[in-house]
Amino acid sequence: MTLQSYLDMLHDVSATRFTGSVDAVRGLVITCKGLSSVLKIGDRCMIERRKHSPEDSGMLHAEVVGFHNETALLMPFDPIDGIGPGSKVVVQQAAPMVYPTHAWLGRVVNAFGEPLDGKGPLPKGVMPCPIRGCPPPAHLRDRVGGKMDMGVRAINTFLTTCKGQRLGIFAGSGVGKSILMSMLARYSQASVNVIGLIGERGREVQEFIEDDLGEEGLARSVVVVATSSESALMRREAAYMTMALAEYFSNASEHVLCLMDSVTRFAMAQREIGLSVGEPPTTKGYTPTVFSELPRLLERAGPGRKGTGSITGYFTVLVEGDDTNEPISDTVRGILDGHIIMDRKIAERGRYPAINILRSVSRTMPDCNIASENALVTMARGLLSTYEDMAEMIRLGAYRKGTDADVDRAIHYFQPLEKFLAQDRRDHTNIEQSYAKLADLLGIKPWPLPH
């Protein structure tokens, strides 16, 4: 460690210790007295649990989420068993930091950056990374980079992704978003993956890591986990930790792929926190802070400062009743640089990944493609759109072949395009192969076309 590193660590240590006591516990909120003059929103505290026997011990982590008159409102990261009026409260002076290293790759951690995989302790890095960091200033931020090979044909061609781009995967339950995320983690050309599993069912976490991600994907990934059984603060903190780790690798000049499943559960956790401290509910019960925290979280992904790496983000959004216009979907879609709509009807007919190409868009795609690639994708989209417009008549047998040449072409190419869009989760197709296969399917030869 350098002398400056030691000085930075000493700077976080305060000789003054502030203590207070618990005044009341109401639901998930702990009221603390005696500390309102030294605390601020976001500060961390430790609350001493009461000992009912010599074996009982431990401290409860909590965070300041509000104030009422002369009392501070705290919410716990853990169950509040053992807390009561008079329990001692100690202020943690240091700002929440994490000290990652490249040795964290292949590991699974919780919202505090503590290991969950039973592989021993994690080495501590030299440089502190703020868990609630801020995105680079807009005028110092680099532009999005060139194309990024994602290994999935449908995305490589119809939804080409650039380095530093942020996209949302909008899906209902059970349409294959976890499998799509695992394919992106295994096959993308990113040098590092940071994966946040926010509010997942505990049973599904190990299944995703072992079956979907596999050894190949895990080897270049750090996985942050907060299950649905954990507190709202832990679920929210896991999302912040995911972005903090992605920022660390990006600042080390890595091209990072950040996958978060899901932003909706982050929003639900923030709603739970807001309602507990008395925020007024707005649309569908979401509190105002939900809509202010979403851009603060998502803007941390993207291009870094010039001379550093980038964070390419894929964030899943759970849509209630397959309604992509509900409040969280609307807000997230407005922040990100593109959206991928996964369609239950497509999944029901057995085509995976069940991406609805016509309703999905990558906003950076036209500028990163060459003219012939854009023309190829436009042609394929036109065929799919024409078929979609006539699908009902075709199914009913009301359309007669030869009536419209464009419809005839759409019918001719529909099944080959569907086959092209389908991809087994163990199948990897790079971006050049994806475009070449699409061009061959549509009879465009030679490919690539001369500039």
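When we follow my numbering, the leftmost residue of the sequence shown carries the number 2, and every step to the right adds one.
Heads up, the beta-carbon is just placed ideally off N, CA and C, and yes, glycines get one too.
Note that this is a predicted model, so its numbers are computed, not measured.
Under the three-state DSSP convention, the category residue i falls into
i, result
"Ile-199", "strand"
"Val-362", "strand"
"Ile-274", "helix"
"Arg-142", "strand"
"Lys-148", "strand"
"Asn-194", "strand"
"Ile-132", "coil"
"Leu-117", "coil"
"Thr-162", "strand"
"Ile-356", "strand"
"Ile-81", "coil"
"Leu-61", "strand"
"Glu-294", "helix"
"Val-127", "coil"
"Asp-405", "coil"
N-terminal and C-terminal residue of the alpha helix (DSSP H) that residue i is part of
i, result
"Asp-390", "372-397"
"Met-184", "178-188"
"Val-153", "Neither: Val-153 is in no alpha helix (DSSP H) and is coded neither H nor E."
"Thr-284", "Careful: Thr-284 lies outside any alpha helix (DSSP H) and carries neither H nor E."
"Gln-93", "That residue, Gln-93, is in no alpha helix (DSSP H); its beta strand (DSSP E) goes 89-93."
"Ser-232", "No alpha helix (DSSP H) contains Ser-232, which DSSP labels as neither H nor E."
"Tyr-436", "432-442"
"Ile-329", "328-336"
"Leu-219", "215-219"
Beta-bridge partners of residue i, as assigned by DSSP
i, result
"Val-23", "Cys-33"
"His-256", "Ser-311"
"Phe-1", "Given that the chain is displayed from residue 2 to residue 452, the structure contains no residue 1 and the question cannot be resolved."
"Arg-426", "None; Arg-426 has no bridge partner."
"Phe-68", "Ala-73"
"Gly-303", "Ile-312"
"His-413", "According to DSSP, His-413 bridges with nothing at all."
"Glu-49", "Met-60"
Own chain residues within Cβ distance below 8 Å of residue i, not counting five before or after
i, result
"Asp-24", "Thr-32, Cys-33, Lys-34, Thr-72, Pro-86"
"Leu-359", "Arg-382, Leu-385, Ser-386, Glu-389"
"Gly-59", "Arg-50, Gly-83"
"Val-362", "Leu-160, Gly-339, His-340"
First through last residue of the beta strand (DSSP E) which encompasses residue i
i, result
"Ser-222", "222-228"
"Ile-42", "Careful: Ile-42 lies outside any beta strand (DSSP E) and carries neither H nor E."
"Gln-166", "Looking at the DSSP string, Gln-166 is not in any beta strand (DSSP E), and its letter there is neither H nor E."
"Val-110", "108-110"
Cut-off 7 Å between Cβ atoms - residues of its own chain near residue i, not counting five sequence neighbours on either side
i, result
"Asp-323", "Gly-173, Arg-345"
"Ser-330", "Phe-171, Val-318, Val-320"
"Lys-402", "Asp-409"
"Val-39", "Phe-19, Val-92"
"Ile-199", "Ala-227, Arg-236, Ala-239, Ala-240, Met-261, Asp-262, Ser-263, Arg-266, Phe-267"
Neighbourhood of residue i by C-beta, 6 Å cutoff - its chain only, sequence neighbours within 5 removed
i, result
"Ala-247", "Val-195, Val-257, Cys-259, Ile-312"
"Pro-281", "none"
Expected contact under 8 Å - CB spacing of residue i and residue j to nearest Å
i, j, result
"Ser-263", "Thr-317", "4 Å"
"Arg-133", "Pro-101", "Not confirmed; about 15 Å, so no contact."
"Leu-74", "Ala-220", "That pair is no contact at about 43 Å."
"Thr-528", "Ser-435", "Look at the range of the chain in this structure, 2 to 452, and you will see that residue 528 is not part of it."
Any non-hydrogen atom of the ligand NAP within 7 Å of residue i CB
i, result
"Gly-114", "For the ligand NAP, the structure offers nothing, since it holds no ligand at all."
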